[in-house]
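Encoded as structure tokens, the structure appears first; notes follow it.
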Amino acid sequence: MTAAIAAVTVLVSLLILLTGNLPAAAIDGGFIPARAGAGSLADHGFALPAWLTPATATLVHGGVAHLLLNLVIMIFCGKQVERALGGASIALLYGIGAYAGALGHWAFSPGSILPMIGASGAVSAIVAAYALLFGERRTRAIGPFSADVLHVAWLAAAWIGIQLLMGVAGFAGASVAIGAHIGGFAAGLVLTRPLLRWHYRHA
């Protein structure tokens, strides 16, 4: 499933880039926060409805470097996560991560008319699952808080801190959708253990 998602992403993204249709694809397929809560009129003049754009935005990338960065992280982490959770779970995690990333991006700039493109929100959900499943846990229970809860809290705090620093410092001069990264990562933290239990429900 990880390979299939990566292949579709590469095919569509490169087709858009090589045909010079990036500006139109970003407007029609990217997630624009200002469209999210404006009702039916928000879809006037756009090729796709607003509710679909968190998914289609994952197929539009700003350049080859943007595409490669997301793909390398996704394939490295996704293959390991898929072995633990299964193909159906990785697809669900990726999809929900895309929408959670859009929600996070909207929360940071609800009135923005600039389209958010790229799969980083969805990929962040995969990264969160990888960190939970394969990261070394060094936390201990404190009072009523279990080691598992504190481990999740630590991962969330560390990721949010990194994203905020990237936003303040800038990342190679590019605009970074830190809200999408945070939203996607949060979805991954919430969903990983339930998906793991569901995958092994008959074990």
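So the sequence shown is numbered by UniProt numbering: it starts at 1 and just counts up by one.
For glycine and all other residues, C-beta sits at the position ideal for the given N, C-alpha and C.
Keep in mind it's a predicted model, so treat the numbers as computed, not measured.
For Gln80 and Leu132, what's the separation of their Cα atoms in angstroms?
12 Å
What does Met116 pair with, by DSSP beta-bridge criteria?
Phe31
Length of the line joining the Cα atoms of Ala177 and Ile73
C-alpha separation (whole angstroms): 16 Å.
Can you tell me where the alpha helix (DSSP H) holding Ser13 begins and where it ends?
Looking at the DSSP string, the run of the alpha helix (DSSP H) that includes Ser13 is 2–18.
Under a three-way DSSP split, which group does Ala172 fall into?
Below a pLDDT of 50, predicted positions are generally treated as unreliable, and Ala172, at 47, falls in that range; the measurement from the model is reported next regardless. Ala172 falls in the coil class under three-state DSSP.
Since I believe Pro110 is in contact with residue 213 (beta carbons under 8 Å), could you give me their beta-carbon distance rounded to a whole number of angstroms?
Lying before the first or after the last residue shown, residue 213 is absent from the chain, which here runs from 1 to 203.
Among residues of its own chain, excluding the 5 on either side of Trp106, which ones have a beta-carbon nearer than 6 Å to its beta-carbon?
Once the five neighbours on either side are set aside, the close Cβ partners of Trp106 are Pro33, Ala36.
If you draw a straight line from the C-alpha of residue 207 to the C-alpha of Val127, how long is it?
Because the chain here runs from 1 to 203, residue 207 falls outside it and cannot be looked at.
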